[in-house]
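Participant: Below are the structure tokens for one structure; questions will follow.
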Amino acid sequence: MCAEVVVRPSAGEPRASLGGAGLTLAAVGKDFPDRSGTPGGGLVALDGVDLTVRPGEFIAVVGPSGCGKTTLLRLIAGMTGPTRGSIVVGAGEVRDARTGFVFQHASLYPWRTVLQNVAFGLELRAREPRRSRRTRGAVRARARELVELVGLAGFESYFPHQISGGMQQRANLARALAIAPELLLMDEPFSALDAQTREELQIELQRIAVEANTTTVFVTHDIGEALYLADRVVVLTGRPGRIKEVLECPTARPRSLAYQVSEEFLGLRDRAWSLVHRD
Amino acid sequence: MAAAETLSEAPRAAARRRSRGRRTGTWVGVVSVLGGLALWETVVSLSGVSSLILPAPSKIVEAFGELAASGDLWLDLGTSLRQFGAGFAIAGVLGVVFGLVMGQARYVRYASEPWVLALYATPSIGLAPLFIIWLGFGFQAKAFIVALMAFFPVVINTLSGVESLAREWLDVATSFKAGPVERFLKVAFPGALPYIFTGLRLAVGRGLVGIVVADFFGAQQGLGFLILQGAQRFRTTDVFVGTILLAALGVILTALLRLAERKTCPWRLDVR
Numbered sequence: 004m005c006a007e008v009v010v011r012p013s014a015g016e017p018r019a020s021l022g023g024a025g026l027t028l029a030a031v032g033k034d035f036p037d038r039s040g041t042p043g044g045g046l047v048a049l050d051g052v053d054l055t056v057r058p059g060e061f062i063a064v065v066g067p068s069g070c071g072k073t074t075l076l077r078l079i080a081g082m083t084g085p086t087r088g089s090i091v092v093g094a095g096e097v098r099d100a101r102t103g104f105v106f107q108h109a110s111l112y113p114w115r116t117v118l119q120n121v122a123f124g125l126e127l128r129a130r131e132p133r134r135s136r137r138t139r140g141a142v143r144a145r146a147r148e149l150v151e152l153v154g155l156a157g158f159e160s161y162f163p164h165q166i167s168g169g170m171q172q173r174a175n176l177a178r179a180l181a182i183a184p185e186l187l188l189m190d191e192p193f194s195a196l197d198a199q200t201r202e203e204l205q206i207e208l209q210r211i212a213v214e215a216n217t218t219t220v221f222v223t224h225d226i227g228e229a230l231y232l233a234d235r236v237v238v239l240t241g242r243p244g245r246i247k248e249v250l251e252c253p254t255a256r257p258r259s260l261a262y263q264v265s266e267e268f269l270g271l272r273d274r275a276w277s278l279v280h281r282d
Numbered sequence: 491m492a493a494a495e496t497l498s499e500a501p502r503a504a505a506r507r508r509s510r511g512r513r514t515g516t517w518v519g520v521v522s523v524l525g526g527l528a529l530w531e532t533v534v535s536l537s538g539v540s541s542l543i544l545p546a547p548s549k550i551v552e553a554f555g556e557l558a559a560s561g562d563l564w565l566d567l568g569t570s571l572r573q574f575g576a577g578f579a580i581a582g583v584l585g586v587v588f589g590l591v592m593g594q595a596r597y598v599r600y601a602s603e604p605w606v607l608a609l610y611a612t613p614s615i616g617l618a619p620l621f622i623i624w625l626g627f628g629f630q631a632k633a634f635i636v637a638l639m640a641f642f643p644v645v646i647n648t649l650s651g652v653e654s655l656a657r658e659w660l661d662v663a664t665s666f667k668a669g670p671v672e673r674f675l676k677v678a679f680p681g682a683l684p685y686i687f688t689g690l691r692l693a694v695g696r697g698l699v700g701i702v703v704a705d706f707f708g709a710q711q712g713l714g715f716l717i718l719q720g721a722q723r724f725r726t727t728d729v730f731v732g733t734i735l736l737a738a739l740g741v742i743l744t745a746l747l748r749l750a751e752r753k754t755c756p757w758r759l760d761v762r
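These protein sequence lines map, in sequence, to chains A and B. For the first sequence, the numbering used here begins at 4 and goes up steadily by one. For the second sequence, the numbering used here begins at 491 and goes up steadily by one.
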């Protein structure tokens with residue numbers, strides 16, 4: 004185990020800038036035990052999920068609500084372990100991987116300013132074990148870069164409740180990206196925003212994802228959003244969550260808004276829609 | 491950025507409104523207290539009630555001057571403050587640390603919760619004689635009684651602070667693979683801080699009760715001693731001097747805690 008970490012050629016900074024890590028899920032399953040303890044009464048949230056994500060790829064996951072999308076993301080993030088199967092990030096295990104997670108909403112720390120929130124991951128030992136490298140100056144400089152990348156320059160010293168929902172999600176994205184993640188995981192990050200702000204952030208995310216060049220897994224219930232943003236869209240079925248089909252969106256990213264009226268997009272959307280709503 | 495100005499304008503205007511509201515509130519409070527004192531003075535002088543039973547405010551001020559001039563008052567006040575300070579500091583530190591640990595470690599909580607709740611419900615002041623038997627009449631026993639009184643509100647409020655942490659805040663820490671100490675210092679503690687301050691404010695009141703009661707069970711100095719001796723020697727004015735000083739201490743300490751809260755939790759300013 005230890006040896007594996009040592010020989011990992013891409014450990015550390017360069018890997019992220021080289022386009023994030025690959026991700027392999029093999030026969031992944033996750034059960035939640037029944038709270039009352041009845042044997043066999045638990046819930047099979049995910050079953051037999053096989054998926055290989057190339058470094059730098061943008062994957063979207065769609066499916067009906069309760070189909071295990073969020074569970075899948077939490078497994079990839081190492082926040083919970085799979086009941087069956089294995090998950091490999093790069094050449095190592097999930098718990099060694101550097102993952103940036105963007106939650107649905109309300110996950111900024113209200114006692115931290117925008118800049119301090121973005122710096123959160125940088126202050127942790129998991130990110131940089133050498134204390135000498137975690138100096139205030141270095142952390143702040145890096146956080147400032149990210150604040151700029153997501154277009155929040157000038158708002159560094161604001162507290163989360165003083166900025167709009169769209170700006171909060173920008174800050175969330177900056178926080179996740181600050182640690183130069185091998186994997187960027189996003190759980191319906193724009194679902195709580197109004198339509199206009201959502202569209203604006205979708206365009207921004209395209210730019211930022213290409214610029215940060217990391218591997219992204221993006222969970223959403225919005226088929227259009229998934230097809231617009233992703234290289235491939237994974238369609239899940241519900242209970243137990245299984246992969247029904249993986250759709251390819253060949254047009255190169257970043258894509259213009261016009262992509263959303265292209266034949267490719269509309270064809271894929273009809274296909275995805277019928278897949279999601281068939282059962 | 492134009493948006494920056496419009497955004498920062500709103501909270502600032504709100505802050506101005508609030509500070510105006512606070513100032514009005516202060517004035518109404520001052521007028522109310524002065525009016526009450528004037529009424530008290532008038533009633534006492536009109537009814538001719540003995541100052542042994544109810545001394546007029548002017549008599550209390552007079553007694554205050556005498557006690558202050560003789561130096562006894564400062565000795566009593568200093569003694570009580572030292573005892574209170576030591577006890578309160580111990581209770582604050584232990585209460586916060588223990589509350590955070592209880593909130594984060596399930597089994598510590600299961601094991602300690604019945605004790606904490608039972609001891610909180612116990613009128614622990616009734617045990618004061620016991621502590622005096624164990625620790626003597628000196629500084630240690632007094633500080634211990636203050637600490638015991640002040641500890642529980644701090645623990646219980648810190649614990650509910652940890653319980654109130656949003657699940658997302660902890661999820662973020664988990665997703666960044668924060669260690670247990672980092673979760674503690676960077677999430678649990680700052681997130682629970684407003685609750686911790688509430689606990690500390692409640693603890694001030696209980697700690698002051700502890701001071702007085704501890705003095706009642708034997709002391710040569712202290713505000714409780716001043717009150718007790720005043721009552722025994724029929725110097726009712728001294729009883730009032732001691733009580734009013736204690737009330738003033740409570741108000742001042744609470745105000746200081748509010749100030750500290752405002753300094754350390756600036757994000758809560760706009761919420762309040």
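Each residue gets a CB set at the ideal place from its N, CA and C atoms; glycine is no exception.
#1: Please work out which residues of its chain come closer than 6 Å, Cβ to Cβ, to E248/A, disregarding the five sequence neighbours upstream and downstream, and give them in chain order.
#2: Within this structure, are the beta carbons of L155/A and V213/A separated by less than 9 Å?
#3: So G669/B contacts chain A; which residues on that side make the cut at Cβ distance below 9 Å?
#4: Does the stretch 606 to 621 of chain B touch the stretch 548 to 567 of chain B, meaning 3 or more C-beta pairs lie closer than 8 Å?
#5: Report yes if the CB atom of G71/A is closer than 9 Å to the CB atom of G244/A, and no otherwise.
#6: Run through chain B and tell me which residues come within less than 7 Å of T102/A, C-beta to C-beta.
#7: Using CA coordinates, which residue listed in T754/B, R512/B, Q711/B, V741/B is at the minimum distance from L567/B?
#8: Straight-line CA distance for V64/A to T223/A?
#9: By Cβ distance below 6 Å, which residues in the same chain neighbour V729/B in space, the five residues on each side in sequence not counted?
#10: Count the CB pairs spanning the stretch 636 to 645 of chain B and the stretch 689 to 708 of chain B that are closer than 8 Å, and state whether there are at least three.
#11: Using the three-state DSSP reduction, which class does G712/B fall into: helix, strand or coil?
#12: Just how far apart, CA to CA, sit H164/A and E203/A?
#13: In chain order, what residues of the stretch 649 to 660 of chain B put their CB closer than 7 Å to some CB of chain A?
#14: Can the beta-carbon of V703/B be found less than 9 Å from the beta-carbon of L713/B?
#15: Using 9 Å as the limit for Cβ to Cβ distance, is G681/B near chain A?
#16: In chain B, what lies closer than 7 Å to A80/A by C-beta?
#17: By the DSSP assignment, the beta strand (DSSP E) with G51/A in it spans what residues?
#18: In its own chain, which residues sit with a C-beta less than 7 Å from the C-beta of L111/A, not counting the 5 before and 5 after it?
#19: How many angstroms separate the CA atom of L283/A from the CA atom of K753/B?
#20: Kindly give me the distance between the Cβ atoms of Q205/A and E228/A, rounded to whole angstroms, as I take these residues to be in contact under 8 Å.
#21: Grab me the residues of S650/B's own chain with a C-beta within less than 7 Å of its C-beta, minus the 5 sequence neighbours each way, in chain order.
#22: Is R281/A helix, strand or coil by DSSP?
#23: Could you work out which residue in E131/A, R77/A, F123/A is closest to R143/A when comparing CA atoms only?
#24: Grouping DSSP H, G and I as helix and E and B as strand, with all else coil, what is D197/A?
#25: Output yes if chain A places a C-beta closer than 9 Å to the C-beta of P643/B; else output no.
#26: Check the Cβ-Cβ distances between G124/A and every residue of chain B, and say whether any is below 9 Å.
#27: In chain order, what residues of the same chain have a beta carbon less than 6 Å from the beta carbon of G32/A, not counting five sequence neighbours either side?
#28: Based on the DSSP secondary-structure assignment, which residues constitute the bridge partners of E248/A?
#29: Which residue wins for smallest C-alpha separation from Q263/A, given the options A233/A, H280/A, R281/A, I246/A?
#30: Restricting to runs no shorter than 4 residues, where is the alpha helix (DSSP H) found entirely within the stretch 128 to 173 of chain A?
#31: Would you call the stretch 632 to 639 of chain B and the stretch 570 to 583 of chain B touching, i.e. three or more CB-CB distances under 8 Å?
#32: For T218/A, is the classification buried or exposed, using 16 other Cβ atoms within 10 angstroms of its Cβ as the cut-off for buried?
#33: Keeping to the same chain, check which residues put their C-beta closer than 8 Å to that of G69/A; ignore five residues upstream and five downstream.
#34: Does the Cβ-Cβ distance between A181/A and A146/A come in under 9 Å?
#35: Is DSSP giving V587/B helix, strand or coil here?
#36: Roughly how many whole angstroms lie between the Cα atoms of A668/B and A633/B?
Facilitator: Put simply:
#1: Hits under 6 Å: V238, L278.
#2: In this structure, L155/A lies away from V213/A, with their beta-carbon atoms at least 9 Å apart.
#3: Contact annotation for G669/B against chain A: L127, R128, A129 [CB-CB distance below 9 Å, chain order].
#4: These segments do not touch.
#5: In contact: G71/A and G244/A (Cβ atoms closer than 9 Å).
#6: Within chain B, the residues near T102/A are S665.
#7: Taking only the C-alpha atoms, the option nearest L567/B is Q711/B.
#8: Taking the straight line joining both Cα atoms gives about 6 Å.
#9: The answer, listed in chain order, is I717, G720, A721.
#10: The stretch 636 to 645 of chain B makes contact with the stretch 689 to 708 of chain B, as at least three CB pairs between them are under 8 Å.
#11: The answer is coil: DSSP assigns G712/B none of H, G, I, E or B.
#12: Rounded to the nearest whole angstrom, the C-alpha separation of H164/A and E203/A is 21 Å.
#13: For the stretch 649 to 660 of chain B, which is checked against every Cβ of chain A, the residues closer than 7 Å are A656, E658, W659.
#14: No, Cβ-Cβ distance for V703/B and L713/B is not below 9 Å.
#15: Any Cβ of chain A closer than 9 Å to the Cβ of G681/B would place that residue at the interface, and such an atom is present.
#16: Simply S665.
#17: For G51/A, the enclosing beta strand (DSSP E) has its first and last residue at 46 to 56.
#18: Take L111/A, set aside five residues on each side of it, and the residues of its chain with a beta-carbon closer than 7 Å to its own are N120, P163, Q171, A174, N175, in chain order.
#19: Only positions 4 to 282 of chain A appear in this structure, which leaves residue 283/A out of reach.
#20: Sure, about 6 Å apart at Cβ, within 8 Å.
#21: Taken in chain order, the residues that qualify are Y685.
#22: The answer is coil: DSSP assigns R281/A none of H, G, I, E or B.
#23: If we check each option's Cα against that of R143/A, F123/A comes out closest.
#24: Coil.
#25: With 9 Å as the cut-off, P643/B does not count as an interface residue toward chain A.
#26: Yes, G124/A counts as interfacial toward chain B.
#27: Correct list, in chain order: L49, D50, T86, R87, G88.
#28: Bridge partners of E248/A: V238/A.
#29: Selected option, being the one with the closest Cα: A233/A.
#30: Fully enclosed alpha helix (DSSP H) runs of 4 or longer: 139 to 152.
#31: In this structure the stretch 632 to 639 of chain B lies against the stretch 570 to 583 of chain B, because at least three pairs of beta carbons, one per stretch, are closer than 8 Å.
#32: Buried, since its Cβ has 16 or more Cβ neighbours within 10 Å.
#33: Hits under 8 Å: G241, R242.
#34: It is a contact, given that the beta carbons lie within the stated cut-off.
#35: Note: V587/B maps to helix in three-state DSSP.
#36: Approximately 38 Å, taken between the alpha carbons.
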